[in-house]
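Numbering (our numbering), first residue to last: 1056 to 1339. Cβ coordinates follow ideal geometry from the N, Cα and C atoms, glycine included.
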């Protein structure tokens, strides 16, 4: 069955559901299972893998490196750089460190993890330099709000930005007020991290919501699958859930085929209302 796709500004088509790796690589005893889950995801068509130098202090990148060994050409590989490494020689060294841990000679996409003190102009310059060197194919940003994106857009070279990765799930909809419309207008896909909410109150509020449970049962899907289908219900949004088991990976992949009707979406709006005014950008 065809999976939903999202197209980058350079016409690269990516699956609307990829694989996140936050909290992977923290315990060596889990590595075999994490590698197996990532490989099962690739087999199921979840060929976009997102990681970061921050995750487990490089440990997640090492897990990904093992998972993609021998099949690098099947994967669209994304990593992220700390804001204090996002300029000058530090950026080059950070990129080379990620490449070494991942066991590859290039990243398909490298993101500024969040905005720090290094000027965006300097980050854009070093990103473009790394593209010319072939160490990264594309670059983008993460955790930038609408005003930050406009500032980036006005910088020379800033319009080469390919994605903005931000927190987005049914219980955190603030980006719908201005950031998501801005990205849609400028044809910049949004990559949603924590699409099932992080562990804690919000996740429990979603997973144990009686109305959401009833809708999932009616559709014959899990609550997690319903929530993923909701995140990617509109064009230009990619979800990157983490799954540490083969079973959950397959369920994530199958969520791309769930079609929510307008009635479903209106009911979910009644449970968790869309924003009616500007909200601070949620980050975790």
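Legend entry - Cβ-based burial, residue 1056 [other Cβ within 10 Å; buried from 16]: Here residue 1056 scores only 38 on pLDDT, less than 50, and its place in the model should not be relied on; the value that follows carries that caveat. Counting Cβ neighbours within 10 Å, residue 1056 comes out exposed, since fewer than 16 surround it.
Legend entry - Distance between beta carbons of residue 1254 and residue 1283, contact taken as under 8 angstroms: Not confirmed; about 17 angstroms, so no contact.
Inset, instruction - Evaluate residue 1339 with the Cβ neighbour count: other Cβ atoms within 10 Å of its Cβ, from every protein chain shown; 16 or more gives buried, anything less gives exposed. - result: exposed
Legend entry - Per DSSP, cross-strand counterpart(s) of residue 1131: According to DSSP, residue 1131 bridges with 1103.
Inset, instruction - Could you check the C-alpha separation between residue 1216 and residue 1196 for me, to the nearest Å? - result: A straight-line Cα-Cα distance of about 7 angstroms links residue 1216 and residue 1196.
Legend entry - Stretch pair the region 1323-1332 + the region 1194-1209: three plus CB contacts closer than 8 angstroms: no
Inset, instruction - Give me the Cβ distance between residue 1334 and residue 1285, rounded to the nearest whole Å; I'm assuming they're in contact under 8 angstroms. - result: 18 angstroms between Cβ atoms; not a contact.
Inset, instruction - With a 10 Å radius around its C-beta and 16 neighbouring C-beta atoms as the bar for buried, classify residue 1182 as buried or exposed. - result: buried
Inset, instruction - Please list, in chain order, all residues of the same chain as residue 1249 whose beta carbon is under 7 angstroms from its beta carbon, the five residues on each side excluded. - result: 1222, 1224, 1339
Inset, instruction - List the endpoints of the continuous beta strand (DSSP E) containing residue 1221. - result: 1219-1222
Legend entry - Boundaries of the alpha helix (DSSP H) in which residue 1291 is found, first to last residue: Taken as a continuous stretch (DSSP letters only), residue 1291 belongs to no alpha helix (DSSP H), as it is neither H nor E.
Inset, instruction - Identify, in the order they occur along the chain, each residue of the same chain with its Cβ nearer than 6 angstroms to the Cβ of residue 1171, setting aside the five sequence neighbours on each side. - result: 1138, 1139
Inset, instruction - Whole angstroms is fine: what's the gap from residue 1161's alpha carbon to residue 1194's? - result: If you take the alpha carbons of residue 1161 and residue 1194, they lie about 12 angstroms apart.
Inset, instruction - List in chain order: all unbroken alpha helix (DSSP H) runs of 4+ residues lying wholly within the region 1107-1188. - result: 1114-1123, 1143-1157, 1175-1188
Legend entry - As assigned by DSSP and simplified to three states, the class of residue 1318: helix
Legend entry - residue 1141 versus residue 1167 - alpha carbon distance: 7 angstroms
Legend entry - The beta strand (DSSP E) enclosing residue 1060, as first and last residue numbers: 1060-1062
Inset, instruction - Over the uninterrupted beta strand (DSSP E) stretch that includes residue 1247, give me the two end residues. - result: 1245-1248
Legend entry - Residue environment, residue 1265, which counts as buried when at least 16 other CB atoms sit within 10 Å: Counting Cβ neighbours within 10 Å, residue 1265 comes out exposed, since fewer than 16 surround it.
Inset, instruction - Could you pull the start and end residues of the alpha helix (DSSP H) that residue 1095 belongs to? - result: 1086-1098
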